[in-house]
Amino acid sequence: MSAMTSLEIPQHLFTAIDHVGLAVADLDEAIAFYESTFGMRMAHREVNEEQGVAEAMMAVGDSGSCIQLLAPLSPESTIAKFLDRNGPGMQQLAYRVTDVEQVSAILRERGIRLLYDAPRRGTSDSRINFVHPKDAGGVLVELVEPNPASHH
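Anchor point for the sequence shown: position 62 equals 128 in our numbering, and the numbering is continuous, going up by one each time.
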């Protein structure tokens with residue numbers, strides 16, 4: 067137990083809802099909608115080639131939480147397949163963690179499958195992994211360890 071305490075992993079594992087990922091067909095159109103309809107501000111935009119997405123983080127007020135708009139870079143990307151299967155909508159729920167490796171290890175000990183053996187790069191150089199939706203009630207759960215140098 068002392069190892070967990072020294073790394074300051076909270077008993078509840080997650081420190082906040084980091085973002086909710088929404089699959090969209092057209093990123094510019096979606097950004098315009100969230101700005102004009104909901105009054106949200108775009109906090110960050112990038113292309114993540116590894117994940118096959120163009121994305122924008124839309125700040126939800128000053129809460130620190132965001133809506134992540136995800137558009138596919140190619141017809142083979144995960145988001146393109148999601149859109150083909152489900153249409154636009156909620157694709158993932160992302161929780162903020164203090165140490166993605168430690169939380170992943172704890173979840174694996176609890177019998178939960180993760181999509182990656184080791185964390186990958188997420189938005190703003192965060193470190194991420196995903197819980198298999200079949201092990202999380204049908205929800206794709208993302209674990210996000212923010213890059214200490216960035217604030218989205």
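For every residue, glycine included, the Cβ atom is placed at its ideal position computed from N, Cα and C.
Spatial neighbours of residue i within its chain, please: CB distance less than 8 angstroms, with the 5 preceding and 5 following residues excluded, ordered by chain position.
i      : result
Gly105 : none
Gly155 : Leu88, Ala89
Ala69  : The predicted model places Ala69 with a pLDDT of 44, which falls under 50 and marks its position as unreliable; any figure quoted below should be read in that light. Taken in chain order, the list of residues that qualify is empty.
Ala109 : Met123, Met124, Ala125, Cys132, His218
So, at 7 angstroms on beta carbons, what are the nonlocal neighbours of residue i in its own chain, with the 5 sequence-adjacent residues on each side left out?
i      : result
Ile178 : Val197, Asp201
Val126 : Met106, Cys132, Ile133
I believe residue i touches residue j by the beta-carbon criterion, under 8 angstroms. Please report the beta-carbon distance rounded to the nearest angstrom.
i      : j      : result
Glu112 : Ala160 : Actually they are not in contact, since the Cβ atoms of Glu112 and Ala160 sit about 15 angstroms apart, beyond 8 angstroms.
Leu135 : Ile97  : 6 angstroms
DSSP three-state label for residue i, please.
i      : result
Asn174 : The amino acid at residue 174 is misidentified as Asn; the sequence shows Arg. DSSP places Arg174 in helix when its eight states are reduced to three.
Ala146 : helix
Arg162 : strand
Gln117 : coil
Val169 : helix
Pro138 : strand
Arg179 : coil
Asn213 : coil
Tell me which residues share the same chain as residue i and place their Cβ nearer than 6 angstroms to its Cβ, disregarding the 5 neighbours each side in the sequence.
i      : result
Ser170 : Leu180, Asn195
Mind pulling the alpha helix (DSSP H) runs of 4 or more residues that sit fully within the region 74-98? none
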